[in-house]
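Comments concern the structure below.
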Amino acid sequence: MKENVKDYVVQKVNELISAPSCCAEAKAAAQNWLDAIGTDNEAEETKKLIAELEMDIVPIEGLIAFAGSEAGEKVFGKEMAGNLKLHALEIQAAGAKYCDCPACAAVAAILDKKDEMI
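So the sequence shown is residues 16 to 133, counted in our numbering.
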């Protein structure tokens, strides 16, 4: 991996780890990748990181469906879930493919560099 790509991905991985919306599995994969940089395990951890992030990023349709569901209301509260659904519909209309929470935004940025990471 080129150094400029690695530096960019390290920055985005740190943003991911710091994001309140980041799940435990993504945090663990991200930390494992950071710990593996410069070691014989780097390539393997890169593959694991990419696989985890591809599973975790939330497609905009999934966000809309969740925010509009009873489960979404239980997690966010009725008003917040409604606001989140409206926000998701707005960003979808503007062309968004994924949720734009801090974790998903970092994941999308990392996955944009996927081909350069492997």
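Every residue, glycine too, gets a C-beta built ideally from N, C-alpha and C.
(Q) Which residue marks the beginning of the alpha helix (DSSP H) containing residue 23, and which one marks its end? (A) First-last of the alpha helix (DSSP H) with residue 23: 18 to 33.
Q. Between which two residues does the alpha helix (DSSP H) harbouring residue 130 extend?
A. Its alpha helix (DSSP H) spans residues 129 to 132.
Q: Return the chain-ordered list of same chain residues with a C-beta closer than 8 angstroms to the C-beta of residue 41, the five sequence neighbours on each side being excluded.
A: Setting aside the 5 residues that flank it on each side, residue 41 is surrounded in the same chain by 31, 67, 68, 71, 118 and 122, each with a C-beta closer than 8 angstroms to its C-beta; the list follows chain order.
Q: Would you mind giving the Cβ-Cβ distance between residue 75 and residue 106, rounded to the nearest angstrom? I have them listed as a contact below 8 angstroms.
A: The Cβ separation is near 7 angstroms, so the contact holds.
Q | Cβ distance (whole Å) where residue 88 is taken to contact residue 96 below 8 angstroms | A | Yes, residue 88 and residue 96 are in contact; Cβ-Cβ is about 5 angstroms, under 8 angstroms.
Q: Under the assumption that residue 20 contacts residue 131 (Cβ atoms under 8 angstroms), give the Cβ distance between them as a whole number of angstroms.
A: Right, the Cβ-Cβ distance comes to about 5 angstroms (below 8 angstroms), so this counts as a contact.
Q) Which value, in whole angstroms, describes the spacing of the CA atoms of residue 133 and residue 57? A) A direct Cα-to-Cα measurement between residue 133 and residue 57 gives close to 10 angstroms.
Q. Roughly how many whole angstroms lie between the Cα atoms of residue 23 and residue 77?
A. Near 28 angstroms, if we compare the C-alpha coordinates of residue 77 and residue 23.
Q. Nearest to residue 82 by alpha carbon, out of 127, 100 and 35?
A. Measuring from the Cα of residue 82, the nearest candidate turns out to be 100.
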